[in-house]
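Each position in the sequence shown, counted from 1, maps to that position plus 10 in my numbering. The structure under discussion appears below in the form of structure tokens.
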Amino acid sequence: MQQAGIGIDIGASKIVVSMCKNDKAEIILNQEGGRSSLFCLGFNNKERLFGVAAEGQFTVTPENTIHGRDVKYVIGSEPSDIYKKVWDPHMVDYDGDLRFSVEYKNEKWLLHPEHVLTMLLNKIKTEIEISTKLTVMKAVITVPAMFNSAQRFAIKNAVLAAGIEVERMINDSTAVAITYNLERHNGDNKNILVFDMGEFCLDVAVVSLSGNLVDVKSCGGSLEIGGHTFVLRLVEHFTQEFEDEKKIKISNDKQMMARLCIACEKFKKMLSATFEASYFIESFYKGEPYELKMSRNTFERICKDIFHSISHKVLEVVRASQCIPNEIIIVGNGSRIPMIEKMLSDYSDYCQISKVLNYEESVAIGAAYLAARTTSNTWKIKRLEVKECMSLSVNVLLDEPISKGILTVIKAKKQFPVIGEATYGYDGSMKLIFKQGSKKFGIVPINENFLIDIQANMDENGLLMINLIHHNGQVNILNHQSSSEQKIKEIQTKEEVFQKHEFEYKKAMELKNDLEKSCLGYKRTINSKEMKNILNDMEISEASNFCQNLLLWIDDLAHPEIGILNQKREELEEKCGKIIELGKFKKEFDHANLLLEQNDCQEAFSVFISLKNRFAKYITYEQQYDLQVKCARSLFGMKNYQKCVTELDDIFHKLDHDTQVALCIDVLRSRGLCYFAMEKYDKALSDFGTVLKHRVDLGLENMHKQCEVKVMLQKINQEIERARKLTPLFRITESNKILNDLLSSEDLRFLINNGNDLRGQIHLMLAANNIKIKCYELAIQDCNHALKYSENHIEIWKHRVECFLELKKLEDAQSDIDALETIPEFNRDRLKDLKRKLEGIRYEEFKSKFENFLEKESYDLASNVLQRVKVDNLEKTHKLDYYCKAALLNFYQRKFSQSIENCTKALNISKKHYDAFEIRARCHAALDEFENVIKDCEAAMKISTDDNFYIKELKKNAEIELEKRKKAPGFISSIKNRFFGSWEQPSLPNIRPSPENNTESDADAAGQQSDEKNDVPHYAKETEASKRKKKEKFCNECHVHETKSDSDVDMETFEKL
């Protein structure tokens, strides 16, 4: 949590705490919502009481109630310093140290006044941290101006013991001046008189305000005068009046004096509001009331000396300041007495009286502003400067044997911090008694001749430290800090004991209340209509009587103890809780069984698990067994077999295998069924085998046999898988050995006898392995065996087709392909591939026959060969070759149109085929289609530029003939006869592959190209005699047309053609 600084006003009757939020001081509310916490602490045999609760027991046990006014009066003081009687019936002198004697938990406790204040500050600190969500670490503390160093040290010790660091200690009147300067002053230079009379003391100060500077010129007051001083004067008056009237002495009656003190406090407030007041104290003495009656004039008369003292203190401070106040600021609850305001107005003709500040809160608010200097964002708060002065002088009383004297070390009215020095010498022994004001705070005995230097140092908090330096170098230090640390530790140790006791008491009360609440709840539940339908009359009566007796015991319990309450709680749970919980268990268990019978396994399982968790400590061993069995059954119905097995394993391990054999057999049977459903047949086989040894179960015998088959099947499948994994590693021989061993194994025969024939699968794997090592005959044999034992004919026929094709057994391959074609499940693309492969092999056989017939010029036989080819099943290269050969055959048969059609089909497959363009050009020339001749020749010339002499000549002659046709149409027939007449029986042309990549057919358009090269193989080669004969014919024709002489055509050119 974030740290925060606060301002604390420790008053005689109330403690007010303030904190700066958003640069504005605000009062922090206490736990009850009040703006201040009553400074009162009470004790009883059970706990400590704070504030209003402690005030409430004051009239009953005043000896165990401590008020703040008593604490502030004696804190930091010695018994000899008590100069007036304080109404405190429990103050004792413990070895020269004043302490409060109280009774707590039947024990006597002697408490330091600092410890009492620490207790209240601890409670206030806790409330602040809870309400603000901040950690209280530092605080500015306000004290009366007349407090000496010892009293200030005592206040600081109490605050430190509460875990709060003291950032600064300032006078109450200074805090009021800070509040006035920041909230009511406009910033001009101004002198004010602060009059603060609380319940315990009087503070008067003259303060100079100049911007952010708060400068205290002089301060004073009295610890003898306060609001409670007037109350004590009224108590004395009415006590004397009652004793004179009744002739009875009541001053020794603690309770009567406590009631009278409270009544006089209220009576004083009534006199401040009216001129005459009357107040009745009910049952004051022997049940009779007593009336307090007095006028304001009488009150002022009996308190005349007090008012005179107040007036004297004010004048004394004003004279010491040597300045004239411009305004009088009145605060403090004691200042509400009308006579005080009248008295101040009589002495303040030169200034006005101001009541603009809150009487109770202005001191704490000023302290909060001072605490916020380091965290505030406001320039006015950040630069706040406070200067205080001493109200008491520091003197040394020289207690000599012959005479006495006083040595002043630090004079009053000096501003903090102050340093004072003095030197004194004496021949003999004496005592140095240090006093601040009228109170002693240290005694130093001197037992020899000495010359001593006294150095006094007082810091800004008014804390004094004195060093005594002897002439021989010895140093004595008079410092309250050394004793403070020991006292703080003692206070904190005692406070831990108190807090431990209170924690135990609160816990015991919580246990008591919880026990009573549980007891009433059990009693109500047992007598309910629902439980009456579940429990019997004896159980209901027994539980009701136990609850009734326990409630009576709780009512009579005065001092609850944690151990006894826990024991009673256990008895209640054991007696009533167990009966009720078992009744609830029975009801919900029956409901879950009903759900399980209705096959609502999920909901039933949820209920069973809930019962298992909630009633584990109430149900018996048999009920736990039934509950676990039902959980397992629910899981089995949910098909959550793994969790079901876990639950059954837990049940099985808890059973006694020697005495609870029947239960063990039931669990094993259920677990075996789970394993069977999970296909863990080896574990199911083990559980079923154990069950069948102890009982006959026909249904289980069948499942046991199935498990045997499944286990054997898994074993063989593992071997098959091992053989399959060896195939990619080129360990086919080892794989075949494993498969052949399986074919002859006893395990396989066992499976065959039980309807699981794996021979077809094994033979199929052997066939695949033999294909990889090219043992096609063996593969065919394995395929034939596989057909006998397996229904997977598709794979078998596929493997066998591959073998037949490799062995060129085309008829057998065709038979298997036909069989595959009848199976719709077989891949159609794969079927087409097989057909193409088969027709490719056939085509190679047909091609050799065709070329043989074509060489022999047996055109009819060649045509018959081509007709037997199934063109649709051929691959592209074979189709291209087929169409070129058909075109060439048609050319030789002078079927030019059919030749052109086949050439066009070839060009649809490959648009860059040179031979197809050449044959088509010849056919177009034979049909007098010279324009098409020119186009095909140009296309052929683009494809190949190396050997195109004949194409060029053909194109040239076609162009000539085309021109002549335009001029003399009758000349065409003679040119045709002369140019083509000698080619009636042309020889085979040299059909060459396309030099570039062939594109695909028009049917595969979209710009895709084929990577086919060398589509058409080289056909028959011409002999030298045939070449020479053709040359002679060519030369004769050229001579007739006078295109070239015989000598112009050489053999090289002719060969190119």
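Beta carbons are placed, not taken as given, at the ideal position from N, Cα and C, and that holds for glycine.
- The region 431–445 makes contact with the region 388–407; the number of CB pairs closer than 8 Å reaches 3 or more.
- Here the region 527–534 lies against the region 546–558, with 3 or more beta-carbon pairs under 8 Å apart.
- Around Gln-496, the same chain offers no residue with a beta carbon nearer than 8 Å, after the five sequence neighbours per side are excluded.
- Shown here for Lys-115: same chain residues with a beta carbon closer than 7 Å to its own, the five before and five after excluded, namely Asn-55 and His-511 in chain order.
- Here the region 325–338 lies against the region 228–247, with 3 or more beta-carbon pairs under 8 Å apart.
- Using a 10 angstroms sphere on the CB of Trp-389, the tally of other CB atoms stays under 16, which defines it as exposed.
- Here the alpha carbon of Arg-194 sits roughly 11 Å from the alpha carbon of Lys-365.
- If you draw a straight line from the Cα of Glu-526 to the Cα of Lys-517, it comes to about 14 Å.
- Judged by DSSP in its simplified three-state form, Ile-476 adopts strand.
- The closest CA to that of Asp-660, considering only Leu-678, Ala-672 and Lys-866, is found on Leu-678.
- DSSP, reduced to helix, strand and coil, places Gly-15 within a strand of the structure shown.
- The beta-carbon distance between Gly-78 and Phe-110, rounded to whole angstroms, is 12 Å. This is too long to meet the 8 Å contact definition.
- Residues of the same chain with a CB within less than 6 Å of the CB of Gly-647, apart from the 5 flanking positions on each side, are Cys-611 in chain order.
- DSSP, read as helix, strand or coil, puts Ile-961 in helix.
- Less than 9 Å divides the Cβ of Gly-770 from the Cβ of Asn-802.
- If you check the CB distance, Thr-128 and Ala-172 come in under 9 Å.
- Beta-bridge pairing by DSSP links Tyr-853 to no other residue.
- Residue environment analysis places Phe-927 among the buried positions, since at least 16 neighbouring C-beta atoms fall within 10 angstroms of its C-beta.
- Beta-bridge partners assigned by DSSP to Gln-724: none are found.
- Under the 10 Å beta carbon count, Lys-715 is surrounded by fewer than 16 other beta carbons and is classified as exposed.
- DSSP, reduced to helix, strand and coil, places Arg-705 outside both helices and strands of the structure shown, so it counts as coil.
- Looking at the DSSP output, Asn-467 bridges to Ile-429 and Met-475.
- When the alpha-carbon of Glu-57 is set against those of Asp-938, Asp-925, Val-507 and Gln-161, the nearest one is in Val-507.
- With fewer than 16 other Cβ atoms inside 10 Å of its own Cβ, Tyr-104 counts as exposed.
- Of the other Cβ atoms in all chains shown, 16 or more fall within 10 Å of the Cβ of Ser-46; this residue is therefore buried.
- In this structure, the alpha-carbon of Ser-873 lies about 11 Å from that of Phe-856.
- Secondary structure remark: continuous alpha helix (DSSP H) runs of at least 4 residues inside the region 894–938, in chain order: 906–919 and 924–936.
- With a threshold of 16 other beta carbon atoms within 10 Å, Ile-25 meets it and is buried.
- Ala-149 is bridged by DSSP to Ile-16 and Val-176.
- Contact annotation, Leu-130 with Phe-240: C-beta distance approximately 25 Å; criterion of less than 8 Å not satisfied.
- Setting aside the 5 residues that flank it on each side, Phe-68 is surrounded in the same chain by Thr-75 and Ala-268, each with a C-beta closer than 6 Å to its C-beta; the list follows chain order.
- The alpha carbon of Gly-21 has as its nearest neighbour, out of Glu-831, Ile-462 and Thr-152, the alpha carbon of Thr-152.
- DSSP places Ile-134 in the uninterrupted alpha helix (DSSP H) bounded by 123–142.
- About 6 Å separates the beta carbons of Leu-848 and Gln-824, which is inside the 8 Å limit, making them a contact pair.
- In this structure, the straight-line span from the alpha carbon of Met-101 to that of Asn-199 is close to 48 Å.
- In the three-state DSSP reduction, Asn-650 falls in the coil class, being neither helix nor strand.
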